[in-house]
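Novice:
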Amino acid sequence: EGMELNALADVMFEEAFQEAQECDKELQKRNLRGFLHGIPISFKDQFNIKGTPSTIGALACAEDFPEEDGIIAEVLKKHGGIPFAKTNLPQLMGSAESLTRLWGNCCNPRNPERVSGGSSGGEGALLGVKGSP
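Each residue of the sequence shown is one higher than the one before, counting from 1 in full-length UniProt numbering.
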């Protein structure tokens, strides 16, 4: 039976799939975007990705949609990385546990009765179930 980790704050699956198809076409022509060509990347919800909310786990930021990529996303995308999700984190990254009223508690994949620790708890939980490279 499955368990709900609550590791994801937002998903970009359709956009990522389309981008991956473009990468496949480019690869067939031996064109590479860079050293991350076609690799899916999850981002902690503190990083700006155009068109997706950047909430930093705060209700007050739930409608904050950046108009452009932040420098980290820009560089990773330039080298062929494909954003597919943004991950849960504590409100304003101010806690040692990934608890937030906006996205809910992020569960530890090894023991769902515990929360995923650290301000990157969503990333940790996603990596713990091999959901992100």
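Even glycine gets a Cβ: it sits at the ideal position worked out from N, Cα and C.
Specify the secondary structure class of residue 67 as computed by DSSP and reduced to three states.
Specialist: The answer is coil: DSSP assigns residue 67 none of H, G, I, E or B.
Novice: Give the C-beta separation of residue 41 and residue 13 to the nearest angstrom, bearing in mind that I take them to be a contact with Cβ-Cβ under 8 Å.
Specialist: Contact doesn't hold; Cβ gap of about 13 Å is too wide.
Novice: Would you decide whether residue 63 is buried or exposed? Buried here means 16 or more other CB atoms lie within 10 Å of its CB.
Specialist: Exposed, since its Cβ has fewer than 16 Cβ neighbours within 10 Å.
Novice: I'd like to check one pair, residue 6 with residue 88: are the Cβ atoms closer than 9 Å?
Specialist: Taking 9 Å as the Cβ cut-off, residue 88 and residue 6 qualify as a contacting pair.
Novice: Could you pull out every unbroken alpha helix (DSSP H) segment of at least 4 residues lying fully inside the UniProt domain "Amidase" (4-133), listed in chain order?
Specialist: Here the runs fully enclosed are 13-28, 71-78, 121-128.
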